[in-house]
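Reviewing the structure listed below.
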Amino acid sequence: MRYCFALDLIDDPARIAEYEEYHKQIRPEIEASIRESGITEMEIYRIGNRLFMIMETNETFSFEAKAASDAANPKVQEWENLMWTYQQALPMAKPGEKWVLMKEIFKM
Numbered sequence: 090m091r092y093c094f095a096l097d098l099i100d101d102p103a104r105i106a107e108y109e110e111y112h113k114q115i116r117p118e119i120e121a122s123i124r125e126s127g128i129t130e131m132e133i134y135r136i137g138n139r140l141f142m143i144m145e146t147n148e149t150f151s152f153e154a155k156a157a158s159d160a161a162n163p164k165v166q167e168w169e170n171l172m173w174t175y176q177q178a179l180p181m182a183k184p185g186e187k188w189v190l191m192k193e194i195f196k197m
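Numbering follows the numbering used here, in which position 107 of the sequence shown is assigned residue number 196; successive positions increment by one, without gaps.
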């Protein structure tokens, strides 16, 4: 399955540069957590302060299982809390929601 998400960064060029620096080589335990959940590929793109993430998953992936695993992993929580200092919710995001799942409207 392929899922696409959007999120905004705080609109500050220095903070955006720091955020990108963190993503040049993510922490090994974060990559392990992503892969162990059934996510096989992940890409993040940026324009201005808007982020777009494409996530490819295998048949074992579940949003609920990933959320439970992340909540129980102190290293993932540390990473998420750090990243949230650079991120801001989209205007249409639900309370506490970070990455917003996008609706596919065209495919060829």
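C-beta atoms are modelled at their ideal positions from N, C-alpha and C, and glycine is treated no differently.
- Here the region 132-148 lies against the region 92-105, with 3 or more beta-carbon pairs under 8 Å apart.
- DSSP places Q166 within a helical segment (H, G or I) once states are collapsed to three.
- In the DSSP assignment, the residues bridged to L140 are L96 and R135.
- Rounded to the nearest whole angstrom, the C-alpha separation of T174 and S122 is 21 Å.
- With fewer than three CB-CB distances shorter than 8 Å, the region 95-114 does not count as touching the region 158-166.
- For Y108, the closest of P163, F195 and W168 by C-alpha to C-alpha distance is W168.
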